[in-house]
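*Asks:* With the sequence shown counted from 1, adding 1 to any position gets you the numbering used here.
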Amino acid sequence: MDPRLSVIDKRLSKIKKIIAVASGKGGVGKSLVASSLALNLSRKGNKVGLLDLDLYGPSSHIILGVKNYKFPEEEKGIIPPKIDGINFISIVYYTEDKPSPFRGIDISNIIIEILAITQWGELDFLVIDMPPGIGDETLDVIRLIKKSEFLIVTTPSIVSMGAVNKLLRILKELNLPIIGIIENMKMKKSNFVRNCIFDLNLDYLGDISFDKDIEESIGHTDKLLKSNFMNDFDKIIKKFI
Ligand SMILES: Nc1ncnc2c1ncn2[C@@H]1O[C@H](COP(=O)(O)OP(=O)(O)O)[C@@H](O)[C@H]1O
Ligand SMILES: [Mg+2]
């Protein structure tokens with residue numbers, strides 16, 4: 002057995018709630034939702050961690066405006082650097098944000114390593130920015146981070162819901178906690194997603210409108226906090242926190 006597995010539970014033991022932001026689909030806003038959730042909860046006085054597990058396409062560091070990719074301080078493990086009050090860990094601290102192709106086997110190894118060495122300490126929330134789909138990372142989160150609850154993001158698109166549906170069915174089959182579903186980038190009135198979620202007997206948490214100005218907030222947490230995106234999202238956060 003991998004000896005690192007036995008320390009993971011201990012490393013996560015002082016975290017009250019772990020929220021994995023996931024979707025069957027890419028490009029639906031998972032990273033923006035995960036970073037904004039961490040930021041929102043941190044500004045409300047909570048101790049928050051953010052773990053970017055999208056190893057092929059990490060984005061949270063861009064959204065939060067991380068400038069320094071120096072390997073974090075070590076003290077019987079890795080201490081997450083504080084970005085705007087958020088304890089933040091991403092693969093970019095290992096790769097210095099250089100392109101980094103990984104094979105499937107590397108992915109599990111990296112995730113185990115990160116979980117085994119990161120000293121999160123006491124946290125109210127750990128938010129995980131997940132990659133799309135039901136690949137190694139998702140299976141590893143299910144296997145290794147047993148307390149995870151899933152916050153699902155979709156767009157109001159038939160294509161997106163097709164992929165999200167598969168993830169939801171798997172999570173349901175495995176009896177894993179699903180906080181609910183957020184409909185992101187809404188552009189016009191439609192009950193399509195709401196009805197799909199109702200049919201699955203899950204919680205529809207609400208929608209976030211397409212924010213044409215969001216690009217100006219990327220990398221600037223002060224602007225992100227005041228964005229229309231955050232205004233919509235804050236109403237949703239209040240439903241599940
Ligand atoms: N509500 C929204 N309005 C406008 N743009 C959005 C919205 N949500 C996300 N985006 C943008 O869509 C793109 C994909 O979002 P991202 O969070 O990277 O998706 P994912 O992590 O699911 O791949 C980014 O450029 C992001 O800024
Ligand atoms: Mg992403």
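Positions of the beta carbon are idealized from the N, C-alpha and C atoms, including for glycine.
Is it true that the CB of Lys-148 sits closer than 7 Å to the CB of Ile-19?
*Replies:* As a working note, residue 19 is residue 18 in the sequence shown. As a working note, residue 148 is residue 147 in the sequence shown. Their beta carbons are under 7 Å apart, which means Ile-19 touches Lys-148 by this criterion.
*Asks:* With DSSP collapsed to three states, give me the class of Leu-124.
*Replies:* As a position in the sequence shown, residue 124 is number 123, starting the count at 1. Three-state DSSP puts Leu-124 in a strand.
*Asks:* Which first and last residues belong to the beta strand (DSSP E) in which Met-186 is found?
*Replies:* In the sequence shown, residue 186 corresponds to position 185, counting from 1. Taken as a continuous stretch (DSSP letters only), the beta strand (DSSP E) holding Met-186 covers 179–187.
*Asks:* Does the beta-carbon distance from Pro-178 to Glu-150 come in below 7 Å?
*Replies:* Taking the sequence shown and counting its residues from 1, one reaches residue 178 at position 177. Taking the sequence shown and counting its residues from 1, one reaches residue 150 at position 149. Yes, they are a contact pair.
*Asks:* Should Phe-230 be counted as a contact of ligand 1 given a C-beta to heavy atom distance under 6 Å?
*Replies:* Position 229 of the sequence shown, counted from the start, is the residue given in the question as residue 230. Yes, Cβ of Phe-230 sits closer than 6 Å to a heavy atom of ligand 1.
*Asks:* Does the distance between the C-beta of Val-160 and the nearest non-hydrogen atom of ligand 1 fall short of 6 Å?
*Replies:* Taking the sequence shown and counting its residues from 1, one reaches residue 160 at position 159. Checking every heavy atom of ligand 1 against the Cβ of Val-160, none is found closer than 6 Å.
*Asks:* Could you compute how far the alpha carbon of Asp-53 sits from the alpha carbon of Asn-110?
*Replies:* Counting from one through the sequence shown, the residue named residue 53 turns up at place 52. Counting from one through the sequence shown, the residue named residue 110 turns up at place 109. Their Cα atoms are separated by approximately 15 Å.
*Asks:* Check whether the Cβ of Ser-37 lies closer than 6 Å to any heavy atom of ligand 2, and answer yes or no.
*Replies:* Your numbering for residue 37 matches position 36 in the sequence shown. No; taking the cut-off as 6 Å, the Cβ of Ser-37 has no heavy atom of ligand 2 nearer than that.
*Asks:* Whose C-alpha, out of Asp-3, Leu-116 and Ser-161, is nearest the C-alpha of Gly-30?
*Replies:* As a first step, residue 30 must be located in the sequence shown, where it is residue number 29. Closest option to Gly-30, Cα to Cα, is Ser-161.
*Asks:* DSSP three-state call for Gly-207: helix, strand or coil?
*Replies:* Here residue 207 refers to the residue found at position 206 of the sequence shown. It is a strand residue.
*Asks:* As a quick exercise: from Asp-235, Ser-32 and Leu-56, pick the residue whose alpha carbon is nearest that of Ile-108.
*Replies:* Here residue 108 corresponds to residue number 107 of the sequence shown, with the count starting at 1. Comparing Cα positions, the closest option is Leu-56.
*Asks:* Quick one: what's Val-22 bridged to in DSSP?
*Replies:* Taking the sequence shown and counting its residues from 1, one reaches residue 22 at position 21. Answer by DSSP bridge pairing, in chain order: Asp-130 and Leu-152.
*Asks:* Can you say whether Asn-69 is buried or exposed, counting buried as having 16 or more other CB atoms within 10 angstroms of its CB?
*Replies:* Taking the sequence shown and counting its residues from 1, one reaches residue 69 at position 68. Burial call: exposed.
*Asks:* Report the option in Gly-86, Ile-180, Lys-190 and Gly-28 whose CA atom is closest to the CA atom of Ile-238.
*Replies:* As a first step, residue 238 is located in the sequence shown; it is residue number 237 there, counting from the start. Comparing Cα positions, the closest option is Ile-180.
*Asks:* Use the C-beta contact count for Leu-6: other C-beta atoms within 10 angstroms, 16 or more gives buried, fewer gives exposed.
*Replies:* In the sequence shown, counting from the first residue as 1, residue 6 sits at position 5. The residue in question, Leu-6, is exposed, as its Cβ has fewer than 16 Cβ neighbours within 10 Å.
*Asks:* For Leu-175, count neighbouring C-beta atoms within 10 Å of its own C-beta (all shown protein chains included) and say buried if the count is 16 or more, exposed if not.
*Replies:* As a working note, residue 175 is residue 174 in the sequence shown. Exposed, by the Cβ-count rule.
*Asks:* Looking at the unbroken alpha helix (DSSP H) that takes in Leu-226, where does it start and where does it end?
*Replies:* What you label residue 226 is simply residue 225 of the sequence shown in a count that begins at 1. It spans 222–226 - the alpha helix (DSSP H) in which Leu-226 sits, taken as one unbroken run.
*Asks:* Smallest Cα separation from Asn-88: which of Gly-25, Ser-36 and Val-154?
*Replies:* Here residue 88 refers to the residue found at position 87 of the sequence shown. Closest by alpha carbon: Ser-36.
*Asks:* Is any heavy atom of ligand 2 found at a distance shorter than 6 Å from the C-beta of Asp-212?
*Replies:* Locating residue 212 in the sequence shown gives position 211, counting from the first residue. No, the beta carbon of Asp-212 sits no closer than 6 Å to any heavy atom of ligand 2.
*Asks:* Could you check if Asp-55 belongs to the surroundings of ligand 3, using beta carbon to heavy atom distance under 6 Å?
*Replies:* Because ligand 3 does not appear in the structure shown, any question about it cannot be addressed here, the ligands present being ligand 1 and ligand 2.
*Asks:* Can you list, in chain order, the residues of its chain with a C-beta nearer than 7 Å to that of Gly-134? Leave out the 5 residues immediately preceding and following it.
*Replies:* Here residue 134 refers to the residue found at position 133 when the sequence shown is read from its first residue. Cβ neighbours of Gly-134 beyond the five flanking positions: Gly-25.
*Asks:* Flag Val-93 as yes when its Cβ comes closer than 6 Å to any non-hydrogen atom of ligand 1, and as no otherwise.
*Replies:* Within the sequence shown, numbered from 1, the residue matching residue 93 stands at position 92. Because no heavy atom of ligand 1 lies under 6 Å away, the Cβ of Val-93 does not count as near it: no.
*Asks:* For Val-49, list the residues DSSP reports as bridge partners.
*Replies:* Along the sequence shown, read from residue 1 onward, the residue named residue 49 stands at position 48. Answer is Phe-126.
*Asks:* Please confirm whether any heavy atom of ligand 1 lies closer than 6 Å to the CB of Met-131.
*Replies:* For the purposes of this step, residue 131 is taken as the residue at position 130 of the sequence shown. Every heavy atom of ligand 1 is 6 Å or more from the Cβ of Met-131, so no.
*Asks:* Please determine if the region 78–96 and the region 120–128 are in contact, where contact requires at least 3 C-beta pairs separated by less than 8 Å.
*Replies:* Enough Cβ pairs lie closer than 8 Å, so yes.
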